[in-house]
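Novice: Quick one: the structure is below, and I'll ask about it shortly.
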Amino acid sequence: MAEASGRILIVDDEPPLLKMMQVYLKRLGFDVSVAGGTAQAWLEFQTAPASFAGVVLDATMPGLSLEELALRMLNANPELFVIAASGYPVDMSALESASPGRTIFLHKPFAPEMLASAIRRMLAPQEEGL
16 MAEASGRILI VDDEPPLLKM MQVYLKRLGF DVSVAGGTAQ AWLEFQTAPA SFAGVVLDAT
76 MPGLSLEELA LRMLNANPEL FVIAASGYPV DMSALESASP GRTIFLHKPF APEMLASAIR
136 RMLAPQEEGL
């Protein structure tokens, strides 16, 4: 199965979950970068915003809010997709308004296959335009 070009940035403050997602997505052929916090994620993203196809954000981390970090990233790269993940309900309305069709919510806990499926769904519109 061919994977899309571009990197996926995974941001989560739970090291075992972060590692599991990284290993699984790399095994599927994705180019994966990781960050254990919002400040680290923003620094990593700023190095080359256009190189990222998408970001998977833990929605309930200390530091920048989901909305603030995601909007910064979307402003820097309007083609980016954002998957917000949390075990709690999350209001996605501001992100959906700012970037229609580029954001989705994934409820934790999720199986690795669910994450890969969500990423492929978000990448599909980009690949169709190639």
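Everything in the sequence shown is counted per the working numbering, starting at 16 for the first residue and increasing by one. C-beta: ideal position from N, C-alpha, C; glycine also. This structure is a prediction, so every number in the text was calculated from the model and none was measured.
Near Glu82, which residues of its chain fall below 7 Å by C-beta distance, leaving aside the five closest residues on each side in sequence?
Specialist: Excluding sequence neighbours, Glu82 sits near Ala109, Leu110.
Novice: Output the distance between the C-alpha atoms of Trp57 and Pro30, rounded to the nearest integer angstrom.
Specialist: Distance between the alpha carbons of Trp57 and Pro30: 18 Å.
Novice: Which same chain residues end up closer than 6 Å to Ala99 when comparing Cβ atoms and leaving out the 5 residues on each side of it in sequence?
Specialist: Taken in chain order, the residues that qualify are Leu72, Ala74, Leu81, Val105, Phe120.
Novice: Starting from the N-terminal side, write out each stretch of the beta strand (DSSP E) that is 3 residues or longer and does not extend beyond the segment 40–127.
Specialist: Whole beta strand (DSSP E) segments, 3+ residues: 46–50, 67–73, 96–101, 118–122.
Novice: What's the C-alpha gap between Glu128 and Val70?
Specialist: So the two alpha carbons sit approximately 16 Å from each other.
Novice: Thinking Arg117 and Ser66 are a contact (beta carbons under 8 Å), I'd like their distance in whole angstroms, please.
Specialist: With 8 Å as the limit, Arg117 and Ser66 do not qualify as a contact, their Cβ atoms being about 17 Å apart.
Novice: Going by C-alpha to C-alpha distance, which of Ser101, Ser132, Ser112, Ala68 sits closest to Leu86?
Specialist: Ranking Ser101, Ser132, Ser112, Ala68 by Cα distance to Leu86 puts Ser112 first.
Novice: Sort Leu79, Pro64, Met76 by Cα distance to Asn90 and report the nearest one.
Specialist: If we check each option's Cα against that of Asn90, Pro64 comes out closest.
Novice: Suppose the cutoff is 7 Å on Cβ atoms and the five residues either side in sequence are ignored; what does the same chain contact list for Ser48 look like?
Specialist: The answer, listed in chain order, is Arg22, Leu24, Glu59.
Novice: Tell me Ile25's beta-bridge partners as DSSP assigns them.
Specialist: Beta-bridge pairing links Ile25 to Val49, Val71.
Novice: Take Gly51 as the anchor and find which of Lys41, Met107, Leu79 has the nearest alpha-carbon.
Specialist: The shortest C-alpha separation from Gly51 is found at Leu79.
Novice: Can you tell me whether Ser132 is buried or exposed? The criterion is at least 16 other CB atoms within 10 Å of its CB, across all chains shown.
Specialist: Ser132 comes out exposed.
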